[in-house]
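A.B. asks: Residues -18 to -1, 1 to 230, numbered by mature numbering (1 follows the signal peptide of the UniProt record, and there is no 0), are exactly what the sequence shown covers, in order.
Before I ask anything, let me first share the structure, which is written out below as structure tokens.
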Amino acid sequence: MAARTSMMLACLVLMVDSCPTSKPDPTDMSPAQTFHPYSCLDYLKRGVSKCDVYKLFDSNGNSFPAYCDFQSERGTAWTLVMSWSHAHRALAPFRSGSFNVNSPVNENAFNWKMYRLSLARVRSLQSHSTHWRATCSYPIHGVDFRDYVRGNFKDFNIVDFVGAGQCKKVEFINIRGHNGMHRTARFWQKTGSEGLHIDSASRGCQFAPSSGAVVSEDNFGHYGSFNPKFRCSKDDQSTTQWWFGGHL
């Protein structure tokens, strides 16, 4: 089992590190064939495969740049919604900025250390996505499913969720090596005061990663209390990402 898992993870990391050259730019069309992609999935459907920044359109028809990941999970396209370094964890858009507030940071200048889309763009992407995920230090590790969570909007609408310690279903989750598939995990998010996060020291849901946790340990956001054994909070250079996506 361990060998099989190692092989799977190695392949996944390889896919991220060797993102192939994309096919010809599908936006190079005549006016009558104008391509208006609303999410990275629209590019994947046209055969694009290079992880890079692409032009998307929001629900009002306004264009904006966004980072697309086509490689880390085969057959799925992910659009980056937010990314920040642990050094910037205390900034309001990342510490207290719930998904349902408008708190953009460098939204037209993608980077891994301080980046967040406006609420209008978040809403637009949500309407064209089926899934969401969070990753830790993606630029370094890609996606090897350690310190990672993925769910779907049908089971858990993270944009509109407001609550404290509620059990919400996820498709897959890993925190410090503790795994859970199709389990419930405890989530917090308070409008304007707490960004979406899990407290892994807390018990009460099916997924219980409290072994090895620090007191009130925050994961995937907020970071009022953090554990250096969790990749997103290992050191000040560590980063946290939130993505919206969909399958072919």
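Glycine included, each C-beta is placed from N, C-alpha and C at the ideal position.
Predicted model, so just to flag it, every value in this text is computed and none were measured.
1) Can you give me the start and stop residues for the beta strand (DSSP E) that Phe154 sits inside?
2) Taking 7 Å as the limit between beta carbons, can you name the residues of its chain near Ile140, skipping five residues before and five after?
3) So the beta strand (DSSP E) Asp51 belongs to, where does it begin and stop?
4) Under 9 Å between the Cβ atoms of Lys32 and Pro47?
5) Arg56: buried (16+ other C-beta within 10 angstroms of its C-beta) or exposed?
6) How many angstroms separate the CA atom of Asn88 from the CA atom of Ala102?
7) For Val131, list the residues DSSP reports as bridge partners.
8) Suppose the cutoff is 7 Å on Cβ atoms and the five residues either side in sequence are ignored; what does the same chain contact list for Arg185 look like?
9) On the DSSP letters alone, give me the boundaries of the alpha helix (DSSP H) that Gln188 sits inside.
10) In the structure shown, what three-state DSSP assignment does Phe39 receive?
11) By the DSSP assignment, the alpha helix (DSSP H) with Leu178 in it spans what residues?
12) What number of angstroms, rounded off, separates the C-alpha of Thr112 from the C-alpha of Ala59?
13) Confirm, please, whether the CB-CB distance from Asp181 to Glu153 is below 9 Å.
14) So which of Phe202, Phe212, Gln53 has the shortest CA-CA distance to Arg132?
15) Where do the ends of the beta strand (DSSP E) carrying residue 232 lie?
C.D. replies: Reading from the atomic positions:
1) 145 to 157
2) Phe81, Trp114, Leu178
3) 45 to 51
4) no
5) exposed
6) 14 Å
7) Ala116, Ile155
8) Ser192
9) Counting along the chain, Gln188 falls outside any alpha helix (DSSP H), and DSSP gives it neither H nor E.
10) strand
11) Taken as a continuous stretch (DSSP letters only), Leu178 belongs to no alpha helix (DSSP H), being part of the beta strand (DSSP E) at 176 to 181.
12) Whole-angstrom Cα-Cα distance: 11 Å.
13) no
14) Phe202
15) Outside the shown range of the chain, which is -18 to 230, sits residue 232, and nothing can be said about it.
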